[in-house]
Amino acid sequence: QSLEFMKELGFKVIDGYRSYTDIEKAVERINSIGEGRGELSYDIDGAVIKVDDFKDREVLGATAKVPKWAVAFKYPPEEKETVLNEIEINVGRTGALTPVAVFDPITLAGTTVSRATLHNQDIISDLDVRLGDTIIVRKAGEIIPEVVRVKTHAEKSQPYHIPMTCPACGTAAVKDEDEAVIRCPNIDCPAQLLRNIIHFASRNAMNIEGLGDAIVELLVEKGYVRTVADLYALTMADAMTLPGFKEKSAGNLISAIENSKKNELDRLIYALGIKGIGQRSAKLLCQKFPTMEKVMSAEKEEIVEIENFGDVLADSVYNAVREPHRIELIRRLREYGLNMSYTVKETGKKLEGLKFVLTGTLPAMTRDEAKTLIENNGGKCIGSVSSKTNYVLAGEDAGSKLIKAQQMGIAIISEEELLNMLEN
Ligand SMILES: [Zn+2]
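The sequence shown: position 10 = 10 (this note's numbering), numbered continuously.
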């Protein structure tokens with residue numbers, strides 16, 4: 001009834017809704033929608049049975065979270081068959097060598113995919129996936145493609161073993177103890193240096209605008225940059241040789257690099273890519289040790305006292321700032337005039353103990369600015385809406401997080417309301 005009414009009002013209503021008087025027919029219909037979902041021009045992950053009489057709906061009522069007159073049925077993730085052409089080895093920032101399956105392109109949940117991570121040798125061995133095999137791929141959680149199983153082995157195929165050398169530098173790989181991961185141990189490995197520079201320049205690290213993956217790759221290729229310190233020696237003339245770069249764009253790049261020298265120490269610490277150090281832990285580290293000297297001379301026992309720092313992370317920091325190549329890197333960065341201190345902001349307590357979720361585009365602040373503002377006032381920002389969320393800060397084009405918050409009855413506030421909370 002409501003669908004018919006909405007149609008009359010001019011809303012777009014999907015075809016294919018039906019009403020049935022017995023449940024067998026409804027189940028049959030769900031199965032047939034499931035079988036035909038590949039032919040639909042949109043993606044669905046399930047179907048819903050609803051009681052269509054409004055009076056009955058009232059009688060059935062609702063719990064605090066969901067109505068009792070509707071039931072959702074989820075279809076299992078869509079699976080497709082394809083041929084494995086290649087297993088590529090990716091070199092990560094910390095040298096981890098990760099096998100990636102490269103297969104004939106297929107369409108899954110609306111997008112074309114041709115690659116899926118195979119994680120490590122253990123997974124490859126468990127699947128017994130071999131080059132040329134016909135494999136079954138699906139999207140886990142409708143997002144990340146994964147190889148589910150092998151359908152048939154290729155003729156004369158052999159079990160696959162990850163080569164024990166780094167594809168970028170040829171160094172013999174090492175296996176971490178207690179970890180399935182293998183690594184390239186070479187600190188001069190060009191693939192690792194490249195990934196490190198990309199990470200260093202990224203938005204959450206030194207936030208150097210205009211220095212994306214492709215530009216970094218070019219700078220490395222041309223031999224201008226080998227380590228992150230070399231970025232600060234880059235000249236206008238160097239930048240002008242990049243394809244498509246004119247005086248203005250080259251100038252913008254150089255000044256973006258120059259501006260990054262003023263960043264707070266926590267960004268630099270995060271940008272250095274110390275194993276286990278994320279944005280939040282970098283900040284906590286700087287709150288206790290507000291200069292680079294203090295970070296570098298901190299004892300393990302002092303580091304481990306920081307909230308949420310365990311022995312492993314404390315060890316990682318302690319060792320990282322004692323590695324000769326990193327000491328040399330920090331020395332050069334200091335020489336180029338990078339800020340090596342953290343000016344601890346007087347943090348307010350107005351939002352202490354409150355958890356916020358950010359969604360959508362805010363009118364005046366960027367998401368990062370809003371996050372900093374909340375954290376500087378004692379609040380916490382978390383990634384997803386749950387019963388522990390106190391407020392959802394929503395801007396324009398807010399998505400599923402807003403809908404979830406509405407369903408769960410969580411307070412939704414605007415940027416203006418957040419600012420009011422801080423003033424009062
Ligand atoms: Zn290597």
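For each residue, glycine too, the CB sits at the ideal point set by N, CA and C.
Burial state of Asn420, where buried means 16 or more other Cβ atoms lie within 10 Å = exposed
Between which two residues does the beta strand (DSSP E) harbouring Tyr391 extend?
-> Tyr391 to Ala394
Where does Arg326 fall in DSSP's three states?
-> helix
For ligand 1, which residues have a Cβ under 7 Å from at least one heavy atom, in chain order?
-> Val91, Gly95, Cys166, Ala168, Cys169, Thr171, Cys184, Asn186, Cys189, Ala191 and Gln192
Check the DSSP bridge columns for Lys261 and list the partner residues they point to.
-> In DSSP, Lys261 forms no bridge with anything.
Alpha-carbon spacing of Cys166 relative to Ala172, whole angstroms | 6 Å
May I ask you to report which of helix, strand or coil DSSP gives Glu146?
-> strand
Report yes if the CB atom of Asp126 is closer than 8 Å to the CB atom of Leu84, and no otherwise.
-> no
Cα-Cα separation between Gly202 and Ala214, rounded to whole angstroms = In the sequence on display, residue 202 carries Ser and not Gly. Rounded to whole angstroms, Ser202 to Ala214 spans 12 Å at the Cα level.
Is the beta carbon of Leu351 less than 8 Å from the beta carbon of Ile382?
-> no
Leaving out five residues before and five after Val385 in sequence, what residues of the same chain have Cβ atoms less than 6 Å from its Cβ?
-> Val357, Lys401, Lys404 and Ala405
In whole angstroms, what separates the C-alpha of Tyr270 from that of Gly378?
-> 21 Å
Which of the three DSSP states, helix, strand or coil, is assigned to Glu179?
-> coil
If Asn339 sits next to Leu285, beta carbons under 8 Å apart, how far is it from one beta carbon to the other, in whole angstroms?
-> With a Cβ gap of about 16 Å, Asn339 and Leu285 do not count as contacting.
DSSP state of Ala256, grouped into three classes?
-> helix
Would you mind reading off the limits of the alpha helix (DSSP H) that contains Val295?
-> Met292 to Ser297
Which whole runs of the beta strand (DSSP E) in the stretch 25-95 are 3 residues long or more, in chain order?
-> 46-50, 70-74 and 79-91
Beta carbon of Thr359, beta carbon of Ala411: below 8 Å?
-> no
Report buried or exposed for Arg331, applying the criterion of at least 16 other Cβ atoms within 10 angstroms of its Cβ.
-> exposed
Which stretch, first to last residue, makes up the alpha helix (DSSP H) that contains Phe5?
-> Ser2 to Glu8
Thr241 to His119, Cα distance in whole Å?
-> 38 Å
What is the DSSP secondary structure of Phe200, counted as helix, strand or coil?
-> helix
So, is His325 buried or exposed, given that buried needs 16 or more other C-beta atoms within 10 angstroms?
-> exposed
Over what stretch of residues does the beta strand (DSSP E) that includes Arg138 continue unbroken?
-> Thr134 to Ala140
7 Å Cβ shell around Leu194 - same chain, five flanking residues per side excluded | Val216, Glu217 and Val220
CA-to-CA distance, Glu86 to Lys371, given in whole angstroms = 42 Å
Rounded to the nearest angstrom, how far is the Cβ of Lys355 from that of Asn390, given a contact under 8 Å?
-> 5 Å
Using 10 angstroms around the beta-carbon of Val425, count the other beta-carbons present and answer buried if the total reaches 16, otherwise exposed.
-> Since the first residue shown for the chain is 1 and the last is 424, residue 425 is missing from the structure and cannot be characterised.
Return yes when the Cβ of Phe200 is within less than 8 Å of the Cβ of Val228, no when it is not.
-> yes
Do Pro145 and Lys151 come within 8 Å of each other at the CB atom, strictly closer than that value?
-> no
Assuming Gly95 contacts Arg37 under a Cβ cut-off of 8 Å, what Cβ separation, rounded to an integer in Å, is found between them?
-> Actually they do not touch by this definition, with Cβ atoms about 42 Å apart.
Three-state class that DSSP yields for Val357 in the structure shown | strand
Go ahead and label Ile124 buried or exposed: buried means 16 or more other beta carbons lie within 10 angstroms of its beta carbon, across all protein chains shown.
-> buried
Relative to the alpha-carbon of Ile254, which residue among Arg18, Glu28 and Ala233 has its alpha-carbon at the smallest distance?
-> Ala233
Please classify Ile413: does DSSP put it in a helix, a strand, or coil?
-> strand
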